[in-house]
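All you need for my numbering is the position in the sequence shown, starting with 1, plus 11. Ideal Cβ placement from N, Cα and C applies to all residues, glycine included.
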Amino acid sequence: MIDTHSHRLGRISAKAGDVFVTQSKSCSSLLIRVATLSKWSHVGIAVSSESVLEAVKAGGNTHGLSQQVRVVPIEVFAANVSAMRHYIRPDELTPQQTEKLNSFVNSNNENRYTALHAALTVFIPIMALCLGALAIISTIDSLARAEPSAVQSLPFWVGVLTINVFIYLIYRLMAWSFRSDWGVKATENLFRKTRFGRWLVDIKYEMFCSKLVVLAENEISGSLVSCLPSESEAQPKHIVKACEKSGWPQVDV
């Protein structure tokens with residue numbers, strides 16, 4: 012009996028710079044897809060016609076290897092997946108881009124996988140949702156508690172506006188601490204004051220799959236760069252959206 016999935020993999024015509032996204036039936040894949048509201052839970056970038064660069068965690072699709080950044084054959088990358096999509100880079104990489112990609116691979120092959128910072132990619136969206144809900148609840152509660160005559164007064168609405176502005180500033184402060192160069196540096200310096208905080212900062216420079224792809228694309232100054240978020244907030248769905256926005260052909264494998 013022919014293995015249909017393996018047969019399809021054998022027909023993949025990949026080249027360096029192509030992108031692959033996958034999902035599997037594992038609990039971790041389901042958790043990632045639910046948390047990120049996406050169909051996809053893992054992403055990698057091809058470094059040749061036969062191999063893919065990825066960052067993986069222990070267990071599952073690691074074939075006995077520890078948590079790490081690694082280059083694997085496409086067949087290994089696709090092992091145990093329930094769905095896989097191939098985004099085809101419209102233009103082949105230039106010799107200079109290929110050299111930069113290979114250099115990036117060599118400089119990161121000792122890096123390890125960080126599940127914690129992968130999970131933190133949903134922090135800003137969740138905080139935005141929670142603080143938005145808090146602002147709405149606060150406004151409704153103020154309206155419910157106020158006398159009808161007070162609702163029609165200017166001081167009441169000034170108070171409501173002040174609370175909502177304060178909540179918004181909290182969100183902006185959190186976003187600033189994650190996104191701006193100065194904010195990230197200030198946050199790191201603050202965290203380094205404790206042992207646990209120093210550990211968090213140290214593992215920040217380890218990899219997760221979507222961060223790895225974003226950094227690789229930045230390294231080669233690829234066409235996706237303008238469509239991608241910062242590496243610390245990147246999720247597989249962001250890579251997918253960037254490929255689709257850039258008009259990359261796609262093939263479901």
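Assumed close pair residue i, residue j - CB separation to whole angstroms, cut-off 8 Å
i    : j    : result
R96  : D263 : 5 Å
A66  : L223 : 5 Å
V195 : F189 : 7 Å
I181 : L142 : 6 Å
V171 : T198 : That belief does not hold up - the Cβ atoms of V171 and T198 are roughly 31 Å apart, past 8 Å.
M218 : V80  : 5 Å
I178 : A146 : 5 Å
I47  : K248 : Here residue 47 turns out to be Thr, not Ile, going by the sequence shown. Confirmed, about 6 Å.
Boundaries (first-last residue) of the alpha helix (DSSP H) holding residue i
i    : result
S149 : 134-156
F115 : 106-119
A94  : A94 -> not in any alpha helix (DSSP H); beta strand (DSSP E) instead, spanning 92-98.
A161 : 159-162
A57  : No alpha helix (DSSP H) holds A57; the beta strand (DSSP E) holding it covers 53-57.
Q126 : Note on identity: in this sequence residue 126 is Ala, with Gln being the wrong assignment. Segment 126-130, the alpha helix (DSSP H) holding A126.
Beta-carbon proximity list for residue i, same chain, < 8 Å, skipping 5 on both sides
i    : result
C238 : K252, A253, K256, S257
P260 : Y98, I99, P101
V236 : E228, N229
Range covered by the beta strand (DSSP E) that runs through residue i
i    : result
S221 : That residue, S221, is in no beta strand (DSSP E); its alpha helix (DSSP H) goes 220-230.
V45  : From DSSP, V45 is part of no beta strand (DSSP E) but of the alpha helix (DSSP H) over 38-47.
A27  : Premise fails: A27 is in no beta strand (DSSP E) and is neither H nor E.
L64  : 62-67
V87  : V87 -> not in any beta strand (DSSP E); alpha helix (DSSP H) instead, spanning 85-88.
S262 : Position check: residue 262 holds Val in this sequence, whereas Ser was assumed. Counting along the chain, the beta strand (DSSP E) containing V262 begins and ends at 261-263.
Cβ shell of residue i (< 6 Å), same chain only, five flanking positions each side left out
i    : result
T5   : The structure shown does not extend to residue 5, since the chain is modelled only from 12 through 264, so no value can be given for it.
A25  : A57, S60
L226 : E242
T73  : Any reading at T73 must be qualified, since the residue scores a pLDDT of 43, below 50, and its modelled position is unreliable; the value itself is stated next. Counting only Cβ-Cβ distances below 6 Å, and skipping sequence neighbours, we find V67.
R44  : S52
I13  : At I13 the pLDDT is 43, less than 50, meaning the model places this residue with poor confidence; the figure from the coordinates comes in the next sentence. None.
S40  : Q34, S52
N200 : none
S62  : V82, P84
Nonlocal neighbours in the same chain, by C-beta distance under 7 Å from residue i, ignoring five residues either side
i    : result
L184 : none
A161 : F167
V116 : V58, L64, V82
A11  : With the chain covering 12 to 264 only, the question about residue 11 has no answer from this structure.
L104 : A27, G28, L112, I231
I23  : I85, H97, V264
I137 : none
G75  : Residue confidence is low: G75 scores 44 on pLDDT, short of 50, so the model does not pin down where it sits. Its coordinate-derived value is still stated next. Cβ neighbours of G75 beyond the five flanking positions: none.
Short CB-CB distance (under 8 Å) between residue i and chain D
i    : result
A155 : Absent from the structure is chain D; it holds one protein chain and no more.
Next on the checklist: Measuring CB atoms only, is the segment 51-58 touching the segment 24-31, in the sense that at least three cross pairs come out at less than 8 Å?
Outcome noted: yes
Checklist entry - Taking three-plus beta-carbon pairs below 8 Å as touching, is the segment 124-137 in contact with the segment 155-171? => result no
Checklist entry - Do the segment 226-233 and the segment 101-114 touch if we need at least three Cβ pairs shorter than 8 Å? => result yes
Next on the checklist: Using 8 Å as the cut-off, can you tell me whether the segment 33-52 makes contact with the segment 83-97, which would need three or more C-beta pairs spanning the two stretches below that distance?
Outcome noted: yes
Checklist entry - Where in the segment 176-219 do unbroken runs of the alpha helix (DSSP H), each at least 4 residues long, occur, reported from the N-terminal end onward? => result 192-202, 206-215
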